[in-house]
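These notes concern the structure reproduced below.
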Amino acid sequence: MRIRPFSEDERARERDDTCAVRFVSDSSVHVPSQKSESFTFDYVGDQDCTQEDVFESVGRPVVTRCLEGYNGTIFAYGQTGSGKTYTMQGPAGLFGGPTDPQRGLIPRCFEHLFDMIDAKEMESNGKVQYLCKASYLEIYNETIYDLLDNTTRVCPLREDIKKGVFVDGITEETVSDPLEAYDVFRRGANNRHVSATAMNRESSRSHSVLTLVIQSLASVDTGMTEIRESRFNLVDLAGSERQKSANTSGMRLKEAANINKSLSALGKVINALVEVGAGKNRHVHYRDSKLTFLLRDSLGGNSITCIIANVSPAVSNDVETLSTLRFAQRAKLIKNKAVVNHDVQGDVSQLQAEIRRLKLELQQLKGEGISAGAIDLPTDVVATASTTTTATDAANPNDVQPKDLALSRYLLSLSLRKLHDGERQKTSYAQTIFELQDALSRKNEAIQQYKLCLKLCKAENDTLRRKASNTAVHNAENIALRSELGMLQRLLDSQPGKSTARPSPLLSPRVGWSIFYYHESQSAALLYRIGEQLRRDDWWSKRDGHQKQFDNDKLFEELDATVSTNHRGTQPLFPVMQDMNELEVIEEKLEQAQADIASLEQERDRVEFQLNNVEEDWHTVLDGLRQMAVSQSTSEILEVLDKDNIVTDEPRTAWEYIKDIVHKFASSTQSSHVPDAPRFEVDNGSA
Ligand SMILES: Nc1ncnc2c1ncn2[C@@H]1O[C@H](COP(=O)(O)OP(=O)(O)OP(=O)(O)O)[C@@H](O)[C@H]1O
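Start counting the sequence shown at 1; every next residue gets the next number (the UniProt record's numbering).
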């Protein structure tokens, strides 16, 4: 674990420069502001830890083992801006060469690697030769790019039984000294996706993997050639970040989402491997991300793997720091099984010679009382040895040379390696079987889901069938209703005084009920109900998707058109209600009309009452006039009436009428005769 120094920004922002991580001992720490959890690591570098310190504790041992033939991987893991790139490469843009104290782990590993290669080659007097090839890739937005190819070529990830997981078509450049290796590294690093985020001005937006394939050819005494090949991965992961604090958007947000997704896949793989290590039966989802699939061997297989957990000293980052420490602590529980990757080659005569020597070796071992079983040789070797021992013994028992002992050890090591390889193969087959079983169970789940879907579809189908048969019943009912309508129509048409003309929509059975417009209200009410039934059927038919059978809307329109053209100038008995709203409007109008009628009737009563009063008044007037006529002449009566203004000017006809009556009374001998009360002409407007 490595804590980087405070950055300028953090110094300005934090209230004091107390480090968020406290040392409990040389190799264990805790984060006081969070839960007091302690973490123990192989090495803890504080803020003063140098690049040299990191190299000595991680780089040197791994490079040394890689030269022996082991695969090796070094990861830098941590929150964005925590110092991963600084640790692996050095300060941004620095490729200053072997003298720069700030250069990171990668350049230092190159230097150590080639120093050791030189030393070994010299020591072996040319019997051992090394070959180094470098490739450099990045995983950006879940796509693998070859960083040594300026065309930013996308490379597919493939799997092969012999080669394992590999990047197809990636550029591999042979490097024979640190300077050539620096050059490859510099070119690739310049092609990386880097951009400024709120947390880091030069944030790596991808995971980068620099791989050195180290091969060695060594001539052994027997004239055979031993080949060793190891892969050394130097991985600078992209930093995890919280979207909120990273303040990213658009493309940056997509990058961040992909980074977080692949880091979460890495976390899950680590967790699963820890559980597998604890004896649990877990499937490890290497294929969930390109990163975990590419580095499958480094994570849980044949590799010596180190993770450098980079953390920030700032208290404001303590949540991320805690998460990094927990990740590293879990990863530390994984136990990989690293083996030397070697093979032996030789021509036929060399191999035959070796077999002869091995037989002698066995013979000697037998002579020394060491059984093949005691050294756990493969049974086929033992069998071959026992069939040939007697003959060899008899021929020349003293022929065994002391150097055959070395050969025997070699044979033993070969056998053990074979066993080891067998074991590895068994493990890999077991893993494949496990993966297949997992895939199978997922397929089974999918099949179950399909079955469920099928069941639901069938149920839906049955419902539709049932509805279809309901529709058939409705249709049958419709036909019956139509024939009933036809019959009613014929009945009504045959009534005297009724029109026998058929409206044209009757040609369409569905519109048969338009005969309302020609029928008595009793029949029309019945037909109206039938029509409503038809409309309801029509709605159900539509709902069930059977509206194709009748284009009812058109028919109803046709019906309305018929109403307006064919009703022979009379109002239809029952208007066609296109919808309930129209019905409501008409009902409202009806209510309004009824209210109007009621108020008119009131008015009529009032007027009738006044008329009665007027009639009574007239009787009184006539009585008065009659009495006056007994004692006074016509002119005298008229004079009195005129003088006292008894009869006003309005209406004038009343005055004329009174004069007429007075004359009549005067001329009448029968004073009891009472003329009728006058009738005034009332014009329509003044009612
Ligand atoms: N040990 C250190 N000493 C001095 N400066 C450091 C150290 N570690 C990191 N820095 C500085 O901190 C800044 C961020 O570091 P760096 O870019 O390595 O972070 P990172 O973890 O790679 O971030 P990202 O995931 O965003 O790429 C850089 O300016 C770097 O130079």
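Glycine included, every Cβ here is placed at the ideal spot set by N, Cα and C.
Bear in mind that the values here come from a model prediction, so they are computed numbers and not experimental data.
Residue 688 in three-state terms, based on DSSP:
With the chain represented from 1 up to 687, any question about residue 688 goes unanswered, as that position is not in the structure.
Could you spell out where the beta strand (DSSP E) holding residue 166 opens and where it closes? Residue mapping note: residue 166 aligns to position 166 of the sequence shown, counting from 1. It spans 164–167 - the beta strand (DSSP E) in which residue 166 sits, taken as one unbroken run.
### Query
Using a threshold of 6 Å, is the CB atom of residue 50 nearer than that to any non-hydrogen atom of ligand 1?
Counted from its first residue, the sequence shown places residue 50 at position 50. Residue side-chain check: residue 50 keeps its Cβ at 6 Å or more from all non-hydrogen atoms of ligand 1.
Note to self: Let me check understanding here. Comparing Cα to Cα, which of 47, 589, 456 lies closest to residue 19?
What the structure shows: On the sequence shown, residue 19 is found 19 positions in, with the first residue counted as 1. That would be 47, whose Cα lies nearest to the Cα of residue 19.
Would you report the Cα separation of residue 2 and residue 269, rounded to the nearest angstrom? Taking the sequence shown and counting its residues from 1, one reaches residue 2 at position 2. Taking the sequence shown and counting its residues from 1, one reaches residue 269 at position 269. Separation of residue 2 and residue 269 (C-alpha to C-alpha, rounded to the nearest whole angstrom) is 23 Å.
- prompt: In or out: residue 236 buried (at least 16 other Cβ within 10 Å) or exposed?
  reply: Here residue 236 refers to the residue found at position 236 when the sequence shown is read from its first residue. With 16 or more other Cβ atoms within 10 Å, it is buried.
**Asked** Does DSSP put residue 68 in a helix, in a strand, or in coil?
**Response** In the sequence shown, the residue the question calls residue 68 occupies position 68. In the three-state DSSP reduction, residue 68 falls in the helix class (H, G or I).
Is it buried or exposed, residue 459, if we count other Cβ atoms within 10 angstroms and call 16 or more buried? Translated into positions along the sequence shown, residue 459 becomes position 459. Exposed, since its Cβ has fewer than 16 Cβ neighbours within 10 Å.
**Report entry** Length of the line joining the Cα atoms of residue 383 and residue 205
**Finding:** Locating residue 383 in the sequence shown gives position 383, counting from the first residue. Locating residue 205 in the sequence shown gives position 205, counting from the first residue. Residue placement at residue 383 cannot be trusted, given a pLDDT of 42 that sits under 50; what the coordinates show is reported in the next sentence. Spanning the two alpha carbons is a distance of roughly 60 Å.
Check: residue 4 C-beta below 6 Å from any heavy atom of ligand 2
Inclusion of ligand 2 in the displayed structure is not the case, the ligand content consisting of ligand 1 alone.
message = Could you pull the DSSP bridge partners for residue 140 from this structure?
response = Locating residue 140 in the sequence shown gives position 140, where the first residue counts as 1. Looking at the DSSP assignment, residue 140 forms a beta bridge with 143.
Just to confirm my understanding: we take residue 376, look at its own chain, exclude 5 residues before and 5 after, and list those with CB closer than 7 Å. What are they?
Working through the sequence shown from its first residue, we reach residue 376 at position 376. Its pLDDT being 44, under 50, residue 376 is placed unreliably by the model, and the measurement read from it follows with that caveat. Within the same chain, no residue comes within 7 Å of residue 376 by CB-CB distance, once the 5 residues on both sides are set aside.
* To do: Run the proximity test for residue 239: is its beta-carbon closer than 6 Å to any non-hydrogen atom belonging to ligand 1?
  => In the sequence shown, the residue the question calls residue 239 occupies position 239. Yes - ligand 1 has a heavy atom lying nearer than 6 Å to the Cβ of residue 239.
Near ligand 1: residue 84 beta-carbon under 6 Å from a heavy atom: By one-based count along the sequence shown, residue 84 stands at place 84. Because some heavy atom of ligand 1 lies under 6 Å away, the Cβ of residue 84 counts as near it: yes.
Worksheet item: Can you tell me whether DSSP reads residue 335 as helix, strand or coil?
Response: Looking up residue 335 in the sequence shown gives position 335. Residue 335 sits in coil when the DSSP states are folded into three classes, being neither helix nor strand.
7 Å Cβ cutoff met for residue 292 and residue 265: Residue numbering aside, residue 292 sits at position 292 when the sequence shown is read from its first letter. Residue numbering aside, residue 265 sits at position 265 when the sequence shown is read from its first letter. The Cβ-Cβ distance between residue 292 and residue 265 falls below 7 Å.
Burial state of residue 85 (16 or more Cβ within 10 Å)
In the sequence shown, the residue the question calls residue 85 occupies position 85. The residue in question, residue 85, is buried, as its Cβ has 16 or more Cβ neighbours within 10 Å.
| Nearest CA to the CA of residue 177: which residue from 281, 113, 168? | One-based indexing of the sequence shown puts residue 177 at position 177. Minimum Cα distance to residue 177 is reached at 113.
- Which term fits residue 313, buried or exposed, when burial requires 16 or more other beta carbons within 10 angstroms of its beta carbon? For the purposes of this step, residue 313 is taken as residue 313 along the sequence shown, with counting starting at 1. With 16 or more Cβ atoms within 10 Å of its Cβ, residue 313 is classed as buried.
Please report the straight-line C-alpha distance between residue 389 and residue 358, rounded to a whole angstrom. Along the sequence shown, read from residue 1 onward, the residue named residue 389 stands at position 389. Along the sequence shown, read from residue 1 onward, the residue named residue 358 stands at position 358. With a pLDDT of only 37 at residue 389, under 50, the local geometry of the prediction cannot be trusted, and no value is derived from it.
(request) Specify the secondary structure class of residue 133 as computed by DSSP and reduced to three states. (result) Stepping through the sequence shown from its first residue, residue 133 is reached at position 133. Here residue 133 sits in strand by DSSP.
Quiz item: Hey, is residue 203 close to ligand 1, as in C-beta under 6 Å from one of its heavy atoms?
Solution: Translated into positions along the sequence shown, residue 203 becomes position 203. Because some heavy atom of ligand 1 lies under 6 Å away, the Cβ of residue 203 counts as near it: yes.
| Between the C-alpha atoms of residue 70 and residue 299, what's the straight-line distance to the nearest angstrom? | Locating residue 70 in the sequence shown gives position 70, where the first residue counts as 1. Locating residue 299 in the sequence shown gives position 299, where the first residue counts as 1. Roughly 14 Å separates the two Cα atoms.
| query | Roughly how many angstroms separate the alpha carbons of residue 179 and residue 190, rounded to a whole number? | reply | Counting from 1 along the sequence shown, the entry for residue 179 is found at position 179. Counting from 1 along the sequence shown, the entry for residue 190 is found at position 190. Cα to Cα, residue 179 sits roughly 16 Å from residue 190.
inquiry  = Looking at the secondary structure, which residues open and close the beta strand (DSSP E) in which residue 211 lies?
reply    = Start at 1 with the first residue of the sequence shown, and residue 211 comes out as number 211. Counting along the chain, the unbroken beta strand (DSSP E) around residue 211 starts and ends at 207–219.
Proximity winner among 167, 163, 61, 147, relative to residue 156 (alpha-carbon distances): Working through the sequence shown from its first residue, we reach residue 156 at position 156. When each option's Cα is compared against that of residue 156, the closest is 167.
*If you compare alpha carbons, which of 615, 604, 659 is closest to residue 626?*
By one-based count along the sequence shown, residue 626 stands at place 626. Comparing Cα-Cα distances from residue 626 to each of 615, 604, 659, the minimum goes to 659.
Margin query: Taking its Cβ as the centre, do 16 or more other Cβ atoms sit within 10 Å of residue 591, making it buried, or is it exposed?
Written below: Counting from 1 along the sequence shown, the entry for residue 591 is found at position 591. By the neighbour-count rule (16 or more Cβ atoms within 10 Å), residue 591 is not buried but exposed.
message: On the DSSP bridge list, what partners appear for residue 159?
response: On the sequence shown, position 159 is the one that residue 159 refers to. Paired residue(s): 165.
**Message:** Using CA atoms only, rank isn't needed, just tell me which of 612, 289, 636 is closest to residue 257.
**Reply:** Residue numbering aside, residue 257 sits at position 257 when the sequence shown is read from its first letter. Nearest C-alpha to residue 257 among 612, 289, 636: 289.
*Residues in its own chain within less than 7 Å of residue 754 by CB, not counting five upstream and five downstream?*
An answer regarding residue 754 cannot be provided, because it is not within the stretch 1 to 687 covered by the chain.
| message | Please state the DSSP three-state secondary structure of residue 601. | response | Translated into the one-based positions of the sequence shown, residue 601 becomes position 601. Three-state result, residue 601: helix.
### Message
Which of the three DSSP states is assigned to residue 480 in this structure?
### Response
Counting from one through the sequence shown, the residue named residue 480 turns up at place 480. Here residue 480 sits in helix by DSSP.
- Would you say the beta carbon of residue 91 comes nearer than 6 Å to a heavy atom of ligand 1? As a working mapping, residue 91 is identified with position 91 in the sequence shown. Under cutoff, so the answer is yes.
Give the single residue among 614, 428, 138, 642 whose Cα lies nearest to the Cα of residue 296.
Position 296 of the sequence shown, counted from the start, is the residue given in the question as residue 296. Minimum Cα distance to residue 296 is reached at 428.
Any non-hydrogen atom of ligand 1 closer than 6 Å to residue 81 Cβ
Indexing the sequence shown from 1 puts residue 81 at position 81. Taking the Cβ of residue 81 as the reference point, at least one heavy atom of ligand 1 falls within a distance shorter than 6 Å.
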